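Report on the following structure.
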Amino acid sequence: MKRILLFLLLFAAFRAPAQQLTAAEYFFDTDPGIGLGTPIAVTAGTTLNESLSVATTGLGAGVHWLYVRSYRTDASNNGAWSLAEPRRLVVSEGITAAEYFFDADPGVGAGTPLAITPGGAIDASATIATTGLGAGRHTLFVRTQGASGSWSLSEPRSFHINESLIAAEYFIDTDPGAGLATAIPVSPGSTLNVSLSLPAGILPAGSHRLYVRTQNSSGAWSFLETRNFFVQEQIVQAEYYFDTDPGPGAGHPIAVTGGTSITEAPAIPVSGLGGGPHDLFIRARSNSGSWGIVEKRRFYVKPTVVQGEYFVETDPGAGNGYPLVFAPAENVEVNAASLLLPPCLTEGTKQLSVRTRDEYGQWGIAEAMSIV
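Under the working numbering, the letters of the sequence shown match residues 702 to 1073, in that order.
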């Protein structure tokens, strides 16, 4: 049974407080006459606020009008009916069948049936096979049939069917022509997810462009998909030198393992370098024969101390003091208490000085200390 749920709020349009709303009725479309409509159970009062379910059984599909009116009485038991309050409603026809078709209408009732549960409205989800449809754009149409046998307008939805991809190929920089590039193994399907490992050493250093295209089951090739990439040169040689550049390739060689970058920790001898600050330079050569920019590091060479002497008070001149006995080394420690002092010294505080000479003949500054 078809029903509609109504919420009615009827206000008494009378000034006299003694008046009461004691009855109400409704009817559809045509007035059967005052008091002859379908009664509505109400609670008497100066206003009515009622909620009721009204049966629509017997109404045909389409637009209808529902009318409601109320009855009032006063203290003298005199009564009168209000004007009818209208509300517009639509009665839907029950849906009993549904069908679909693709692209061309085979005629009403000649489409492919859809399983539905009959009702005033349907919300159906169906898996519709596209077998037999060619690749490209298509339109799906769905329509329903009412209880009276009439069919609705068709509801369209457009979609696209991709052809199966059966081949793929790639090339770098220059197109050799469709079907002539390097093949990529693929599993046929509507989409492909390609992962490539390009052979090393086949391209010169610099910027390059990778192109990929696919072929569908009808033999047509797709547009090219491109990716830019950069090939770095390989380092194949390295060398170092100190202070003065002997020229590229003329430095001391460093053993390296070839690659786009190298991390080496060679032990570099400093034999032959004089004491003091020096510069170490390192550079590398690529497989194309070009040398890179020189990398520079500054360091300091401490000379070996080979001679030492000491004197008390007056400096006799470099090389003329009392000799110190020690093995040549970068650092020499002198124990002042072990030194033999001249016997002619008078008592009191004296100044003891010590100085050394390096392997290059350079005397250092005399270090002084007080002795008693």
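Just so you know, even glycine gets a beta-carbon here, dropped at the ideal spot from N, CA and C. Because the structure is a prediction, the values reported are computed rather than measured.
Proximal residues to residue i (C-beta, below 6 Å), its chain only, five neighbours per side dropped
| i | result |
| --- | --- |
| Trp782 | Ile735, Arg770 and Tyr772 |
| Ser1054 | Phe1012, Ala1067 and Ala1069 |
| Ala798 | Gln846 |
| Arg1074 | As displayed, the chain neither begins before 702 nor continues past 1073, which places residue 1074 out of reach and without an answer. |
| Ser859 | Thr840 |
| Pro857 | Thr840 and Phe842 |
| Ala827 | Leu815 |
| Gly952 | Glu940, Tyr941 and Tyr942 |
Cβ neighbours of residue i in the same chain (closer than 8 Å, five flanking residues each side left out)
| i | result |
| --- | --- |
| Leu711 | Legend: pLDDT at Leu711 = 44, less than 50; position of this residue unreliable, no value from coordinates given. |
| Val937 | Val957, Gly959, Arg986, Ser987 and Asn988 |
| Gly975 | Val1002, Pro1004 and Tyr1061 |
| Gly890 | Ser865 and Leu866 |
| Gly1075 | Residue 1075 is absent from the structure shown; the chain starts at 702 and stops at 1073. |
Identity of the residue in the options nearest residue i by Cα
| i | options | result |
| --- | --- | --- |
| Gln1063 | Gln933, Val1035 and Gly1009 | Gly1009 |
| Ser1039 | Ile1072, Trp766, Val971 and Ile994 | Ile1072 |
| Ser853 | His861, Leu881, Leu897 and Arg844 | Arg844 |
| Asn988 | Thr961, Ile994 and Val995 | Thr961 |
| Thr1050 | Tyr1023, Glu1014, Ser896 and Ile862 | Glu1014 |
| Tyr941 | Ser918, Pro967 and Phe930 | Pro967 |
| Pro814 | Asn778, Phe802, Tyr912 and Gly820 | Phe802 |
| Thr757 | Gly808, Thr739 and Arg998 | Thr739 |
| His861 | Ala836, Ala1019 and Ser919 | Ala836 |
| Val1007 | Gly990, Ala1030 and Asn1021 | Ala1030 |
| Pro900 | His765, Thr964, Ile873 and Gly795 | Ile873 |
| Glu996 | Ala939, Arg858, Phe1027 and Glu856 | Ala939 |
| Gln933 | Ser991, Pro905 and Ala869 | Pro905 |
| Ile994 | Val971, Gly1022 and Gly948 | Gly948 |
| Asp876 | Thr927, Gly850 and Gly1020 | Thr927 |
| Ser855 | Ala825, Gly878, Val809 and Arg788 | Val809 |
| Arg789 | Asp775, Val764, Gln916 and Ala825 | Val764 |
| Gly833 | Gly850, Thr818 and Asn863 | Asn863 |
| Gly1065 | Ala1037, Gly1018, Leu1042 and Gln916 | Gly1018 |
Buried or exposed (CB count within 10 angstroms, at least 16 for buried), residue i
| i | result |
| --- | --- |
| Met1070 | exposed |
| Ala848 | exposed |
| Ile829 | exposed |
| Gln846 | buried |
| Ala811 | exposed |
| Glu800 | buried |
| Arg999 | exposed |
| Arg984 | buried |
| Ile903 | exposed |
| Val791 | exposed |
| Thr1057 | buried |
| Ile823 | exposed |
| Leu737 | exposed |
| Glu965 | exposed |
| Glu870 | buried |
| Ala816 | exposed |
| Ile741 | buried |
| Leu1046 | exposed |
Extent of the continuous beta strand (DSSP E) to which residue i belongs
| i | result |
| --- | --- |
| Pro889 | No beta strand (DSSP E) holds Pro889; DSSP gives it neither H nor E. |
| Gly907 | Gly907 to Asn917 |
| Ala1076 | Residue 1076 lies beyond the residue range present for the chain, which begins at 702 and ends at 1073; the question has no answer from this structure. |
| Glu926 | Glu926 to Val932 |
| Leu1053 | Lys1051 to Asp1059 |
| Gln1063 | It is not in any beta strand (DSSP E) - Gln1063 carries neither H nor E in the DSSP assignment. |
| Gln938 | Ile936 to Phe943 |
| Pro857 | Glu856 to Ile862 |
| Gly903 | In the sequence under discussion, the amino acid at residue 903 is Ile, which differs from the Gly named in the question. Premise fails: Ile903 is in no beta strand (DSSP E) and is neither H nor E. |
| Pro954 | His953 to Ile955 |
Own chain residues within Cβ distance below 7 Å of residue i, not counting five before or after
| i | result |
| --- | --- |
| Phe930 | His909 and Leu911 |
| Phe708 | With a pLDDT of only 42 at Phe708, under 50, the local geometry of the prediction cannot be trusted, and no value is derived from it. |
| Pro978 | Arg999 and Tyr1001 |
| Leu760 | Phe729 and Val792 |
- Item | Segments assigned alpha helix (DSSP H), at least 4 residues, entirely inside the stretch 799 to 838 | none
- Segments of 3+ residues assigned as beta strand (DSSP E) that fall wholly inside the stretch 964 to 1048: If we require 3 residues or more, the beta strand (DSSP E) runs fully inside the stretch 964 to 1048 come out as 977 to 987, 996 to 1002 and 1006 to 1013.
- What beta strand (DSSP E) runs, 3 residues minimum, are completely inside the stretch 727 to 813? 739 to 741, 748 to 756, 763 to 774, 780 to 782, 786 to 792 and 796 to 803
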